[in-house]
Amino acid sequence: MTKMTQSADSGAAPLVEVRNLKVVARGEDGREFPIVKDVSFSVERGEVVALIGESGSGKTTIALAMMGHARGGCRIAGGRVRLGDSEVTALSDAGLADLRGRRVAYIAQSAAAAFNPSRTIMTQVVESALIHKTATRAEAEIKARALFKALALPDPDRVGDRYPHQVSGGQLQRLLAAMALITDPELVIFDEPTTALDVTTQIEVLKAFKAVVRDRGTTGLYVSHDLAVVTQVADHIVVLRDGAIREVGATGQIIDAPRDDYTRSLIAAAEPQPRGAALLAEPSAPLLEVNGLTAGYGGVDSAGMPYIPVLNDVGFRIHRGSTLGVIGESGCGKSTLARVIAGLMPRARGSVKLDGRILAPAIGSRSREELRRIQIVFQMADTALNPATTVGKVLSRPLAFYHGLSGPALDRRVAELLDLVKLPRKLAARKPAELSGGQKQRINLARALAAKPDLILCDEVTSALDTVVAAAILDLLAELQRELGVSYMFISHDLKTVRAICDDIMVLYAGCKVEAGSREAMAKPPHHPYTDLLTASVPEMRMGWLEGAGAHTGAFASMHGGRVVSRAGCAFYPRCPLGIEGLCDRERPPLRPTVRGTEIACHRSDGDLMGLTVHGTEIAGHRSDLDVMGRPSAGQRSPTIAATSI
Amino acid sequence: MMNHDVSPPVLAEAPPAPRPARRLFWPRIGFAGTLGGSIILFWLVMALFGGHFAPHDATEMLDADVFEPINWLYPFGTDYLGRDILSRVLAGARQTVGIALAATVLAALGGLLAGLAAAVIGGWFDAILSRTLDAMISIPSKLFGLILVAAFGSSILVLIPTLAVIYLPGCYRLVRAAAVNVAKLDFVLVARARGEGSFYIMTREVLPNIVGPVLADFGLRFVYVVLLLSSLSFLGLGVQPPDADWGSLVRENIGGLPYGAPAVIMPAVAIASLTISINMLIDSLFGRNTDRKGAH
């Protein structure tokens, strides 16, 4: 804050100045309540300021106010927003229409929803330039191609002719950025642009954004809940909570020397500490044993294999009281795995054994006792609770269904369950819509616990929650495991979370198990090239991380762009830096043990894979002086980009 | 979750928003809704106790003068036989409202059960049921009604099932469409994983979440049934003399039309008042608050 005030005093007025901004929302009862309370900050020309906070902190509301927009049911009730020489809050509708898309551009979280599926990408990218008449169609298209190139999009000359569904999610997000930048806006608002992406994709998108912002001297407002991501792109950070500013500071200061307690708790939650591992001595007979599991969607062919295979020959064991982490990108089959085990989806091949007894594939053929012992908890806490019933009823049903409880015994047990998940007992009378996201997820857990299960399948249970709330849920899971000896299969796309809670980790790629082992063993190389890529892609809360780390990610794609693999080969071959032509693309590698006691499905030897990490850093070292565009990177010009601009 | 003021507890969750003042099911329905509701209530009371309020005997020929205009003795005039129209309209309320209500309840219950089952069970069951009922929708309803009544003769016991069968497929379509969306939500999946039977999932998990559209549809369908029943009666295939519902009142007095007799207008007005007021009530009940989830 001090720095920003100083620079404002020193003559050049900041590009954006927000003073005492107040936004109110109208509740169902018609009364208005504040959602942004007296917020003031400024953005200097050419710098990126991040708004960070949990859901409901007002960060998106503030970002939208930069365009003079308030969402339905909300209105800007006070304060002023100045952009350059215009008072945004005082502009007429015509003035706002002129401002939006030309002087302020907005990059939304969901690129898929921001593009019209029935028109080509180019038509949509140049649209705002044509509306604001900043360029002719031909000029705009030339500029768009230059932007595609700057954003490191493959085939920049022709990608515009495609339709939105013909490009990947990460590419679409970059195309959305091109759409925003086509009019050379003074301010670009990034609203959680990488939140919906996989980590490996996120890194590419972040790099492209950063290069473009730097080269064009764009002023940006970056809205995110992820401190690690923000650290990579922002010069200043504004920490928000409940619509009020908690702390404003340079990125380095916020990360290394946070002044506010809330900022500290955010930072602590972003780096989950390992929870007490289950210390059950004997590796007795496994609780759950899965062998050669194959499943998919669509019909089945003559060999009984599904037309659209999702899981391919997956096998693992879960011991009593321990946690298996299943990790992989979206579409890798991790949720399908949970559904097949729970009996919600049929399996084509393989077996699922509970305590040595084979479970029937379909729910209808399993006994109630078998069903009781495996419970499933879903990601979306909102849709996993029946909105028409009360929390008490939600928890009562499994108690009555599995244990035949009724009357006072039932009420007592419901109260105990609420205690167990650390919720007040009076919540039993409420409906799910009256609870917060974290509370709903606790109810979901309590419902699973009501059955007194041996195994809980947790399908991305913390992914939809804010970092701080998710950390509390992880603590609760660990505590319940210690108290009740329940086992978990913990499915996640977040490596940090899995490392924090799991005893064993299994990495899935395209439905195949590519690596598995205990947490300790998995902490060291050799790793499967995919695990290595995943690890390298998780953003670290360290300035300058983006420049160095994950550099070989880009190398992967550039080295083998467009490689195809037959169905018989290794699914990871097209992205693999170590792929052997003639072997990896033809033959699926079998799982083999490594020196560290893990299992890896790779044709390469341990030695080769050990070299990957070294090799990877070599690539990183080699490439870190060149950024995505092949221009000298910021890392070379100064220790960290953020430090330069402050 | 936006308007709370608490010091930041480290690693603790934000408490939920203060509970919005609980509104009972009977929400503010506005002027149109209140008016509609009152008219419906009036006709329901008339259907039950119409005879007590009637100034004359509905079947007695009171006056030699037919198609009399509105006067003090006969507020709605007299019909083609000199009977009091007000008394006959009040008596007809029982026929119209009673038959239509019974038929609508049958159609709604049948459609509800079939629609829920199709959505929850799915697969072949859904496909066969849906195609069968689609085939029924494709038969023009008035012709279908005419054929059935012509085949089995006209009595209340034929009329009610006929009307119910005609309107069941539409109700099924609506329930199925609403239920399919609910049935793929995670909480239904949780119930399935728990091992719950189809009937439990239909009635406890899915039904409570589609009550709104189902009730709205019930009201609208009641309107259609009233109109179809009146049409059949107007064609002489509905309620038979000496009983008369509003449709047959219009028909038997159609001869008064050239004289501008209120005998034709008043039963028609009764039909219109009932159907329009049902629409008004439903619109005010379900027109707003359609978003049941708290938007964040």
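Residue numbers (our numbering), protein chains in the order written: chain L, 427 to 1072; chain U, 27 to 322. Just so you know, even glycine gets a beta-carbon here, dropped at the ideal spot from N, CA and C. Source: prediction; values computed, not measured.
- Each residue's CA atom was taken as its position, placing residue 242 of chain U and residue 228 of chain U some 19 Å apart.
- In this chain, the alpha helix (DSSP H) harbouring residue 868 of chain L covers 863-876.
- In this structure residue 909 of chain L is not in contact with residue 1024 of chain L, their Cβ atoms being roughly 30 Å apart against a cut-off of 8 Å.
- In this structure, the beta-carbon distance from residue 661 of chain L to residue 507 of chain L does not fall below 8 Å.
- Below the 8 Å Cβ cutoff, chain U contributes no neighbours of residue 440 of chain L, its closest Cβ being approximately 28 Å away.
- Every beta strand (DSSP E) stretch that sits fully inside the region 651-694 of chain L and reaches 3 residues is listed by chain position as 662-667, 670-676.
- Counting the other CB atoms within 10 Å of its CB gives residue 769 of chain L a total of 16 or more, which places it among the buried residues.
- Judged by DSSP in its simplified three-state form, residue 645 of chain L adopts strand.
- Separation of residue 794 of chain L and residue 828 of chain L (C-alpha to C-alpha, rounded to the nearest whole angstrom) is 7 Å.
- A residue is called buried once 16 or more other Cβ atoms fall within 10 Å of its Cβ, and residue 755 of chain L is buried on that count.
- Shown here, residue 608 of chain L sits in coil according to DSSP, grouped into three states, outside any helix or strand.
- Taking a C-beta cut-off of 7 Å against chain L, the contacting residues of the region 192-215 of chain U are 211, 212, 213, 215, listed in chain order.
- The three-state secondary structure of residue 550 of chain L, taken from DSSP, is helix.
- Annotated as proximal: residue 119 of chain U and residue 69 of chain U, with beta-carbon spacing under 8 Å.
- Around residue 713 of chain L, no beta-carbon contact reaches into chain U at under 7 Å, the shortest distance being about 18 Å.
- At least one CB atom of chain U sits nearer than 8 Å to the CB of residue 814 of chain L.
- Nearest to residue 927 of chain L by alpha-carbon distance, out of L:776, L:750, L:640, is L:750.
- Proximity of residue 890 of chain L to chain U, defined by a Cβ-Cβ separation below 8 Å, is not satisfied.
- Counting along the chain, no beta strand (DSSP E) covers residue 265 of chain U, and no H or E run does either.
- A distance below 8 Å between beta-carbons, with the five flanking residues on each side excluded, links residue 538 of chain L to the following residues of its chain, in chain order: 590, 595, 598.
- In the DSSP assignment, residue 767 of chain L falls within the alpha helix (DSSP H) that extends over 760-768.
- Here the alpha carbons of residue 619 of chain L and residue 536 of chain L stand approximately 7 Å from one another.
- The C-beta of residue 604 of chain L has 16 or more other C-beta atoms within 10 Å across all chains shown, which makes the residue buried.
- Assigned with DSSP and collapsed to three states, residue 801 of chain L falls in strand.
- Cβ contact annotation for residue 806 of chain L (same chain, cutoff 7 Å, sequence separation greater than five): 890, in chain order.
- Its chain contains 955 as the residues whose beta carbon lies nearer than 6 Å to that of residue 1002 of chain L, once the 5 sequence neighbours on both sides are disregarded; these appear in chain order.
- For residue 832 of chain L, the secondary structure class from DSSP, reduced to helix, strand or coil, is coil.
- Separation of residue 301 of chain U and residue 244 of chain U (C-alpha to C-alpha, rounded to the nearest whole angstrom) is 12 Å.
- Burial state of residue 447 of chain L is buried, judged by a 10 Å Cβ sphere holding 16 or more other Cβ atoms.
- Straight across, the Cα-Cα distance linking residue 96 of chain U with residue 269 of chain U is about 23 Å.
- Annotation for residue 719 of chain L: the continuous beta strand (DSSP E) segment containing it runs 714-726.
- Under the DSSP assignment, residue 905 of chain L falls in the alpha helix (DSSP H) whose first and last residues are 893-910.
- In the three-state reduction of the DSSP assignment, residue 234 of chain U falls in the helix class, which pools H, G and I.
- Secondary structure of residue 514 of chain L (DSSP, three-state): helix.
- Taking the C-beta atoms as reference points, residue 606 of chain L is found nearer than 8 Å to residue 533 of chain L.
- The region 902-918 of chain L and the region 731-740 of chain L do not touch, with fewer than three beta-carbon pairs separated by less than 8 Å.
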